[in-house]
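Presented below is the structure to which this report refers.
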């Protein structure tokens, strides 16, 4: 039985710190917030880039989502800083 992965994409300053994307093993029942915590636990550079003191937005399959949203199998997750207009 093959294991399913999710794709995690990073944008703006997060891309500079962590690269464009990475693939992770999917864990049933994991939320976006749980994924962020898992990535934080890796240490640097994830700990600084995804710090809970930073305001970040999440998207799930290209739709803005809250951190309590559950990640479905094969999903694409994105983390990015809030966008300001001008």
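In my numbering, the protein residues as written are 458 to 543. Ideal Cβ positions, reconstructed from N, Cα and C, are used throughout, including at glycine.
Using the C-alpha atoms, what's the distance from residue j back to residue i?
i	j	result
residue 540	residue 461	31 Å
residue 486	residue 529	8 Å
residue 494	residue 484	13 Å
residue 531	residue 482	9 Å
residue 474	residue 520	23 Å
residue 512	residue 492	16 Å
Let me know if residue i comes out buried or exposed under the rule of 16 or more other beta-carbons within 10 Å of its beta-carbon.
i	result
residue 535	buried
residue 504	exposed
residue 522	buried
With a cut-off of 8 Å on the beta carbons, I'd call residue i and residue j a contact; round off their distance for me.
i	j	result
residue 432	residue 477	Outside the modelled stretch of the chain, which goes from 458 to 543, sits residue 432, for which no answer is possible.
residue 526	residue 517	5 Å
residue 466	residue 533	7 Å
Would the beta-carbon of residue i fall within 8 Å of that of residue j?
i	j	result
residue 464	residue 480	yes
residue 524	residue 490	yes
For the beta strand (DSSP E) holding residue i, just list the boundary residues, first then last.
i	result
residue 466	462-467
Got a sec, what are the start and stop residues for the alpha helix (DSSP H) residue i sits in?
i	result
residue 506	503-506
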